[in-house]
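In our numbering, the protein residues as written are 209 to 354.
Here's the structure, in structure tokens; my notes come after.
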Amino acid sequence: MRHLYGLVLLNVVHLMLRGAPAGILFLVVLELLRPREAVDVARLAVLSALMAVVMVADLFVAVRAHVRGYISAYSLATAARLRLGDHLRRLSLGFFKKRDPGDISALLLQDMAKVESIFGHFFLDAMACLVLSAMMCAFSSPRTGA
């Protein structure tokens with residue numbers, strides 16, 4: 209469970225880096241809306257370079273976050289499959305006579321694939337969104353309305 213904190217933190221950083229180009233683009237648009245003589249081309253170049261750096265950093269963080277997340281999800285599902293298989297091994301043969309073998313294989317294959325999908329795709333993104341939303345609420349000022 210402790211390794212999930214690092215995964216959630218990586219996903220929070222990934223979400224922040226994914227949203228950063230929108231903020232940088234806003235600054236670019238503000239600069240371009242100035243009168244023609246007041247437009248600072250050097251600032252536009254810096255903002256463009258910053259956007260490129262943020263996008264490359266987001267790529268590396270995203271790859272690391274997703275790979276670690278998938279490995280965690282599949283490790284969790286593997287442990288659950290092994291426990292389930294061990295439990296099935298201990299059952300009497302009468303249990304298998306009463307049950308359809310397709311139900312048992314569906315439980316081992318399809319249901320565990322759903323668990324992998326939930327933990328590999330949805331859970332980490334949901335946790336990162338919750339943490340990022342809580343951080344935004346904590347740092348917003350009621351006086352400014354932000």
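Glycine is no exception: its CB is placed at the ideal position from the N, C-alpha and C atoms.
Measuring straight from C-alpha to C-alpha, what distance separates residue i and residue j?
i, j, result
"M263", "V236", "16 Å"
"V220", "H329", "14 Å"
"P243", "G231", "21 Å"
"H295", "L301", "13 Å"
"A260", "V269", "14 Å"
"Y278", "A246", "49 Å"
"E239", "V271", "33 Å"
"A342", "A336", "10 Å"
"A346", "D266", "24 Å"
Does residue i come out as helix, strand or coil in the three-state DSSP assignment?
i, result
"V271", "helix"
"L225", "helix"
"P309", "helix"
"L241", "coil"
"S280", "helix"
"D294", "helix"
"L258", "helix"
"V236", "helix"
"D248", "coil"
"M299", "Here the sequence assigns Leu to residue 299, which means Met is not the residue at that position. Coil."
When the Cα of residue i is compared with those of the options, which residue comes out closest?
i, options, result
"A321", "A288, K305, H222 and L258", "A288"
"L332", "A228, F268 and S280", "S280"
"R291", "H274, G310, L316 and L217", "L316"
- request: Count the CB pairs spanning the region 272–292 and the region 241–254 that are closer than 8 Å, and state whether there are at least three.
  value: no
query: Which ranges would you report for the alpha helix (DSSP H) in the region 309–346 if only whole runs of at least 4 residues count?
result: Listed in chain order, the alpha helix (DSSP H) elements of length 4 or more contained wholly in the region 309–346 are 309–314 and 320–325.
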